[in-house]
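Let me begin by presenting the structure, written as structure tokens, before commenting on it.
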Amino acid sequence: LSEKLQNTLSKLKSKGKLTEKDVKEAMREVKLALLEADVNFKVVKDFIKRVSDRAVGDEVMESLTPGQHVIKIVNEELTALMGSSQSKLTFSSKPPTIYMMVGLQGSGKTTTCGKLAKHLKKQQKSPLLVACDIYRPAAIQQLKTVGGQVDVPVFSMGDGTSPVHISKAAVEHANRQGLDTVIIDTAGRLHIDELLMEELQQIKAAVKPQEILLVVDSMTGQDAVNVAEQFHEQIGIDGVILTKLDGDTRGGAALSVRAVTQKPIKFAGIGEKIDEFEPFHPDRMASRILGMGDMLSLIEKAQSNIDLKKAQELEKKMRTQQFTFDDFLDQLQQMKNMGPLSQVLQMIPGMGGKQLKNLEVDDRELVHIEAIIQSMTREERSNPGLINGSRRKRIAIGSGTSIQQVNKLLKQFEQTRKMMKQFMDMEKGMKKGGRFK
Ligand code: GDP
Ligand code: MG
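Residue numbers 439 to 875, in the numbering used here, belong to the letters of the sequence shown in order.
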């Protein structure tokens with residue numbers, strides 16, 4: 439999805455202010471990207487309107503292309519919508535701090551109780567897990583198993599006592615035992631129903647939790663919105679824990695849930711194992727949703743006239759470091775109508791201008807570069823290591839340039855090759871589950 443988006447963005451050519459047409463075109467793709475990411479339709483609509491209002495007439499920053507400027511605005515607004523910074527748990531000034539986990543059945547509450555307990559233990563807290571799901575068979579045993587895994591005590595009174603009573607008794611127990619944190623695992627239903635909500639309201643009234651944490655399965659996409667809306671309306675939540683992000687490449691639920699509840703997503707579950715849990719970073723999710731970190735496709739697609747097959751061949755060459763002067767020449771020719779290489783590379787998130795200064799390639803130079811490469815033999819082009827002093831001299835004479843210019847190009851080529859390799863390695867790293875790193 440991001441490829442298409444980037445394609446559109448790279449085509450915006452106007453300078454000065456962003457025109458309504460520019461913005462409209464870009465927004466059509468942003469909208470599709472968000473919908474494909476399974477963001478709720480209404481959330482998308484509001485978002486597009488806000489970004490458009492801000493973008494039209496905006497002065498394009500000197501150092502950016504219009505496309506980059508639109509990306510910048512979209513990214514900023516998306517990050518703002520997700521909540522700009524990592525949101526931490528709060529603690530009660532009068533222990534124990536009570537956290538109440540709510541959510542639909544199967545959303546991951548019980549698992550997350552264990553994960554959270556482990557997380558808190560690392561912060562020198564002593565948690566108590568409380569088994570308030572008395573309805574689902576084996577739910578209590580499941581919490582005990584989880585508690586055992588993280589070496590945290592589990593408070594339960596079987597399935598014959600009301601959850602309200604159990605939670606009150608658990609808090610007293612924590613007080614007596616000097617445990618400073620209480621995590622209440624509640625029951626869920628397959629659908630939201632009144633009885634469930636009533637019971638949760640009663641537990642809330644009885645123990646006055648510091649935070650009610652809504653556990654949401656990110657795989658439910660659009661549905662997550664209804665769930666979040668209703669839990670928030672009827673019980674009032676303080677934060678969200680998004681589970682199963684490992685299975686959701688799109689991230690739309692995160693955006694929707696945050697947008698409708700205005701409550702921060704505090705943690706993310708990224709696997710079934712107890713350790714697969716981490717603080718949630720809204721900014722990272724924002725770029726992931728639009729795929730703006732997908733550098734390779736950015737390079738590929740920004741070069742609007744490079745064909746796909748060639749791009750794939752090139753990618754393979756970069757990977758194996760067989761990128762030659764022939765490829766370089768090919769690239770330069772394709773790049774002529776899309777601005778300097780340094781600018782293309784700057785579109786890559788995280789790659790500031792700094793590393794790229796020596797790569798400035800202006801149009802006049804391009805003519806020289808072409809001439810130099812064309813003066814190389816076939817062998818020299820594919821194996822630049824061959825190009826010694828006397829060959830350099832020959833190439834300079836043949837191309838009507840100087841030895842300095844030849845040297846400069848050889849150096850640039852080496853740098854490009856190294857950088858390509860680095861990008862490829864980074865890319866590989868990102869694909870290999872570095873998604874939240
Ligand atoms: P509950 O009904 O809300 O208490 O949900 P459970 O804690 O019993 O979890 C339901 C299922 O989701 C279990 O099979 C868990 O292993 C699984 N699960 C929970 N969190 C995650 C997660 O972050 N990633 C993955 N892949 N599975 C998860
Ligand atoms: Mg459960």
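The C-beta atom is built at its ideal place from N, Cα and C for all residues, glycine as well. These numbers come from a predicted model, not from an experiment.
Measure the CB-CB distance between residue i and residue j and report whether it falls below 9 Å.
i: Val-508; j: Val-477; result: no
i: Met-723; j: Ile-641; result: no
i: Ser-813; j: Ile-833; result: yes
i: Glu-710; j: Thr-548; result: no
i: Arg-696; j: Pro-720; result: yes
i: Val-489; j: Val-468; result: yes
i: Asp-618; j: Lys-563; result: yes
i: Ile-727; j: Thr-699; result: no
i: Gly-544; j: Gly-626; result: yes
i: Ile-679; j: Met-520; result: no
i: Ala-876; j: Val-568; result: Nothing in the structure corresponds to residue 876, since the chain is present only between 439 and 875.
i: Cys-551; j: Ile-604; result: no
i: Thr-854; j: Phe-766; result: yes
i: Leu-633; j: Val-540; result: no
i: Glu-458; j: Val-494; result: yes
i: Ile-630; j: Leu-542; result: yes
i: Lys-582; j: Ile-712; result: no
i: Thr-528; j: Glu-716; result: no
i: Phe-718; j: Phe-851; result: no
i: Pro-534; j: Cys-570; result: no
Any heavy atom of the ligand MG within a distance shorter than 8 Å of the CB on residue i?
i: Ala-464; result: no
i: Gly-454; result: no
i: Ala-577; result: yes
i: Asp-623; result: yes
i: Gln-587; result: no
i: Gln-543; result: yes
Could you check where the alpha helix (DSSP H) with residue i kicks off and where it finishes?
i: Thr-549; result: 547-560
i: Leu-456; result: No alpha helix (DSSP H) holds Leu-456; DSSP gives it neither H nor E.
i: Ser-825; result: As written in the sequence, residue 825 is Ile, which differs from the Ser given in the question. Run containing Ile-825: none; DSSP gives neither H nor E here.
i: Phe-485; result: 479-493
i: Pro-601; result: 601-615
i: Lys-582; result: 577-588
i: Glu-671; result: 661-672
i: Ile-727; result: 720-728
i: Arg-574; result: Careful: Arg-574 lies outside any alpha helix (DSSP H) and carries neither H nor E.
i: Ser-525; result: Segment: none, Ser-525 is in no alpha helix (DSSP H) and carries neither H nor E.
i: Ser-820; result: 816-820
Taking 8 Å as the cut-off, is the CB of residue i close to at least one heavy atom of the ligand GDP?
i: Gln-580; result: yes
i: Gly-626; result: yes
i: Gly-546; result: yes
i: Thr-681; result: yes
i: Arg-574; result: yes
i: Asp-571; result: yes
i: Val-695; result: no
i: Val-512; result: no
i: Thr-549; result: yes
i: Gly-659; result: no
i: Phe-485; result: no
i: Gly-685; result: yes
i: Gly-689; result: no
i: Val-653; result: yes
i: Phe-669; result: no
i: Glu-384; result: Since the displayed the chain opens at 439 and closes at 875, residue 384 lies outside it and no answer follows.
i: Gln-637; result: According to the sequence provided, residue 637 is Glu. The question's Gln does not apply to it. Glu-637 Cβ: outside cutoff for every heavy atom of the ligand GDP.
i: Ile-710; result: Note that residue 710 is Glu in the sequence shown, not Ile. Glu-710 Cβ: within cutoff of the ligand GDP.
i: Gly-707; result: yes
Mind checking who residue i pairs with in its DSSP beta bridge?
i: Glu-710; result: Beta-bridge pairing links Glu-710 to no other residue.
i: Tyr-537; result: Ile-621, Glu-649
i: Ile-878; result: With the chain covering only 439 through 875, there is no way to say anything about residue 878.
i: Phe-593; result: Val-568
i: Val-654; result: Leu-680
i: Glu-497; result: Lys-455
Which residue comes first and which comes last in the beta strand (DSSP E) that contains residue i?
i: Thr-681; result: 677-681
i: Pro-565; result: 565-569
i: Glu-716; result: 715-717
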